[in-house]
Every structure is written in C-alpha cells, then in structure tokens.
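Going by full-length UniProt numbering, the letters in the sequence shown line up with residues 1 to 360, in that order. Cβ atoms here follow ideal geometry from the backbone N, Cα and C, with glycine treated the same way.
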Amino acid sequence: MADAPTTAAPSVEALDALAERACRPPTGISRAKQLRWVAGELRTALERGALAPTAAGSLTLLFAPDTLADYLTAAERGLLRRKPAARPDQALPASMRVREDCLRILGALGGITVTLPDRNPPRVELRPMVAARPRSILLGHLEHSARPGRSESRSRILAIIGTVLDTGCRAGELCALRTDDVDLRHGTIRLTRLPQHRNPRTTPATMTVGLSGPTRAAMSHWLTVRSRLVARDATEPLGPGNETTEALWVSIAPSGHPRPGLPLHFRGLARAYARAINDLNTEMAAEPGWQPLPRRMEQLRRAIELEPADPDGATLRRTRTRTPATGAEATAPDSQFGPMDDSVPQSVAAKRDRSRRQVI
C-alpha cells in the first residue's frame with residue numbers, strides 16, 4: 001500500500017514539535033534518537049493506514065488509547081519499517097519497551113495522559129551470575145597480579161575488574177568515572193549511578209564505596225601508568241596539571257587515533273574486558289574451584305551487593321554474603337555457594353601476558 005502524505009496533518013506537526021522539545025538537553029543522545037524514531041513510526045503508521053484517519057486531527061487524538069494500541073500492534077508486527085519486509089519478524093521485547101517509554105515521555109511533555117494496552121511480553125531470563133568461589137579466587141589473583149612490571153593493558157583491566165568486584169557498577173558508570181572520584185588515601189571511590197530507564201531530567205544519585213586492598217593496589221598501579229599515557233608534555237612533571245583528560249580509564253595504544261591516553265568509551269571498554277577475560281580464563285584454568293568467567297561484565301556485576309560500611313551509611317562496601325536469590329536468579333550458580341572468602345591462597349603464579357594484535 002502506498003504511503004499517503006500526512007506531513008500537513010495537525011497531529012504530525014504537533015508531534016514533530018513535541019519530539020524536538022523532548023530531545024533538548026539534558027536528554028541524552030541515545031534517548032533523543034529513540035524519541036525521534038518513535039515519532040517517525042507514528043507518522044509512518046498514519047501514512048500507511050495503520051491508524052484511524054481521525055488520529056491526524058490532533059495530538060490528543062493521536063495519543064488516544066486505541067490509536068496507541070494500533071500503533072504498538074503494527075510496530076510489533078514489523079509493519080512500520082521504511083522498507084516493509086515480505087515476512088515481518090516479531091519485534092524484540094526490548095524494542096517494544098523503548099517504544100512504550102518514549103510514548104510516556106512524549107505524552108507527559110505534551111500534558112497528555114498515556115494509556116497503553118496490557119501486554120504480556122516474554123519473560124527475560126537473566127544470565128547466571130558469577131559464583132562466589134570464582135569471585136573469591138579472582139580477588140586473590142588480583143592482589144597477586146597488581147604489581148609493577150605488568151603490561152599497561154593488564155594494569156588497566158585489573159583495576160577495572162577490581163572496581164566492578166567492589167562496587168557492582170555498570171559499564172556506563174565505569175566510563176563516567178574521573179580521577180577525582182578515586183580517593184586512595186581513604187580507600188574509596190565515588191560513583192554516579194546511571195541505571196537503565198532513568199529519567200534524564202532527574203539528578204543522578206552518587207555514592208561513596210570502599211575499595212578492597214587488592215583493588216586499591218591495582219588502582220594505584222593503574223593511576224601511575226595512566227599519568228604517563230595522558231601526559232600533555234613529556235618533559236614536564238606528571239600530574240593533574242599536565243594531563244589531556246580527567247577520565248579515569250583511557251586508551252593504551254593508538255586505535256585509529258594519533259596518540260594514546262584518550263577517554264575509553266563503552267565499546268572500547270567492552271572489547272578490552274572481553275579480551276582480558278579470555279586471558280584470565282586461560283591463566284586460571286588449573287586453579288581448583290575456578291569456573292570460566294563470562295565475557296559480559298553484567299554477569300559479574302550483578303553478583304555484587306553493597307551494605308553500609310559505617311553507622312551513618314555515608315560509605316558503602318561490598319557485602320561478604322549475598323542475600324538469597326529469588327526468581328530466575330535462584331537457580332544461578334551463585335546461590336549454591338556460601339560466604340565470599342577474600343583470603344583465598346594465591347597459589348597460582350601469573351603466566352606471561354600474551355601479546356595482542358591490537359590494544360585499546
């Protein structure tokens with residue numbers, strides 16, 4: 001069916017203006033793309049007759065419950081693609097959640113109550129968390145390995161893994177860290193929490209988390225390595241006044257860039273983490289009780305819980321024992337282990353670092 005032009009429809013003009021307002025700061029780039037995507041799909045739904053003609057009359061009619069139900073049905077069936085497929089596939093549950101979130105954001109900004117149909121999306125099965133025993137062995141290995149003489153890439157990933165083990169932070173939260181968030185004197189790190197589906201207009205929560213001894217050692221060594229990578233002038237003393245960036249995690253070797261020491265972003269962090277985990281799994285294979293770590297950081301960080309480290313709760317720390325898991329997590333390997341023991345004997349000598357074709 002040919003698309004009917006609706007560019008002059010009052011509801012489309014109002015929707016375009018509303019979407020542009022919603023995309024202004026502090027809305028992030030990713031959310032802005034999603035908002036424009038949903039607005040474009042609503043326009044396409046009108047053009048292809050997936051919505052009642054009355055929806056073109058006003059923004060209120062476009063956001064009527066029945067109209068939004070028709071839109072979500074068409075989107076779920078894959079009928080709103082720019083080039084309709086001969087056999088449209090079912091939309092992913094995550095894509096449908098994004099659509100619903102964007103509709104709520106647009107409706108709230110336009111002063112319209114958004115009523116969405118009840119849907120029963122497939123249950124999302126969480127991947128098993130990393131068990132307590134491998135985490136304990138990893139902490140012991142971290143303390144043994146965080147010493148001078150390591151390669152720059154290994155120094156960085158050991159500090160990253162230690163931070164995740166102590167804080168349970170997300171990859172985006174790791175990328176947001178700055179050097180002034182780390183206080184080695186008091187053994188703490190300041191985190192800005194960036195949970196999924198957060199309201200971008202709400203001020204993010206910050207918290208101070210204590211670092212374990214192994215992580216403090218790894219972080220101290222990485223900061224020394226980092227200061228050389230980000231030096232603005234190699235002839236001047238290293239330090240905050242002679243740095244090109246305040247980002248805590250920076251690139252090691254040029255990767256399409258003229259120099260190292262650039263802030264490490266999400267994709268670079270994910271690639272570096274996956275490569276390091278492959279190396280660690282090979283390195284630790286002979287250790288009793290070791291289970292290969294997953295290549296996704298999410299399965300490691302979900303195993304971490306925090307508790308107050310002082311009476312007033314100003315500082316948090318990693319709990320020694322996880323609370324019982326429920327639901328999908330109840331069957332995860334982590335639930336069959338007891339308290340997390342940080343005093344695992346350091347019985348495995350670290351093997352020589354394998355050379356990499358590309359270091360980020």
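C-beta atoms of residue i and residue j nearer than 8 Å
{"i": "Trp222", "j": "Arg156", "result": "yes"}
{"i": "Leu316", "j": "Glu307", "result": "yes"}
{"i": "Leu165", "j": "Leu138", "result": "yes"}
{"i": "Ser11", "j": "Leu80", "result": "no"}
{"i": "Leu62", "j": "Leu42", "result": "yes"}
{"i": "Leu269", "j": "Val250", "result": "no"}
{"i": "Leu248", "j": "Asp181", "result": "yes"}
{"i": "Leu211", "j": "Pro260", "result": "no"}
{"i": "Pro65", "j": "Thr115", "result": "yes"}
{"i": "Met219", "j": "Gly162", "result": "yes"}
{"i": "Trp290", "j": "Pro117", "result": "no"}
{"i": "Ser153", "j": "Ile29", "result": "no"}
{"i": "Ile160", "j": "Tyr273", "result": "yes"}
Residue i - partner residues in DSSP beta bridges
{"i": "Ile189", "result": "Val182, Val209"}
{"i": "Arg315", "result": "Residue 315 is actually Thr in this sequence, not Arg. Answer is Thr208, bridged to Thr315."}
{"i": "Pro294", "result": "Pro294 is not bridged to any residue."}
{"i": "Pro263", "result": "Val250"}
{"i": "Pro308", "result": "Leu316"}
Spatial distance of residue i from residue j (CA atoms)
{"i": "Ala55", "j": "Leu103", "result": "15 Å"}
{"i": "Phe266", "j": "Glu243", "result": "22 Å"}
{"i": "Ile304", "j": "Arg318", "result": "7 Å"}
{"i": "Leu51", "j": "Leu72", "result": "10 Å"}
{"i": "Asp279", "j": "Thr208", "result": "31 Å"}
{"i": "Pro195", "j": "Glu298", "result": "13 Å"}
{"i": "Arg216", "j": "Arg31", "result": "35 Å"}
{"i": "Asp233", "j": "Thr245", "result": "13 Å"}
{"i": "Gly168", "j": "Arg178", "result": "17 Å"}
{"i": "Leu106", "j": "Leu35", "result": "8 Å"}
{"i": "Arg226", "j": "Ala176", "result": "16 Å"}
{"i": "Trp37", "j": "Gly110", "result": "17 Å"}
{"i": "Gly49", "j": "Ala74", "result": "10 Å"}
{"i": "Arg24", "j": "Met96", "result": "23 Å"}
{"i": "Ile277", "j": "Ser151", "result": "15 Å"}
{"i": "Leu293", "j": "Arg82", "result": "40 Å"}
{"i": "Arg77", "j": "Ala69", "result": "12 Å"}
{"i": "Ala9", "j": "Pro240", "result": "56 Å"}
{"i": "Asp183", "j": "Arg99", "result": "41 Å"}
{"i": "Ala108", "j": "Pro288", "result": "55 Å"}
{"i": "Glu283", "j": "Asp310", "result": "37 Å"}
{"i": "Arg170", "j": "Ile189", "result": "14 Å"}
{"i": "Ala94", "j": "Ala286", "result": "39 Å"}
Rounded Cβ spacing between residue i and residue j (contact assumed at less than 8 Å)
{"i": "Ala19", "j": "Ala39", "result": "4 Å"}
{"i": "Thr203", "j": "Leu191", "result": "Wrong, their Cβ atoms sit about 14 Å apart, outside the cutoff."}
Notebook entry, point to check: Counting only runs that start and end within the region 25 to 84, where is the alpha helix (DSSP H) found for 4 or more residues in a row?
Noted result: Runs of alpha helix (DSSP H) with 4 or more residues, each lying fully within the region 25 to 84, are found at 29 to 47, 59 to 62, 65 to 76, listed in chain order.
Next item on the list: May I have a chain-ordered list of the beta strand (DSSP E) segments no shorter than 3 residues that lie completely inside the region 216 to 247?
Entry: Counting only runs of 3 or more, we get nothing.
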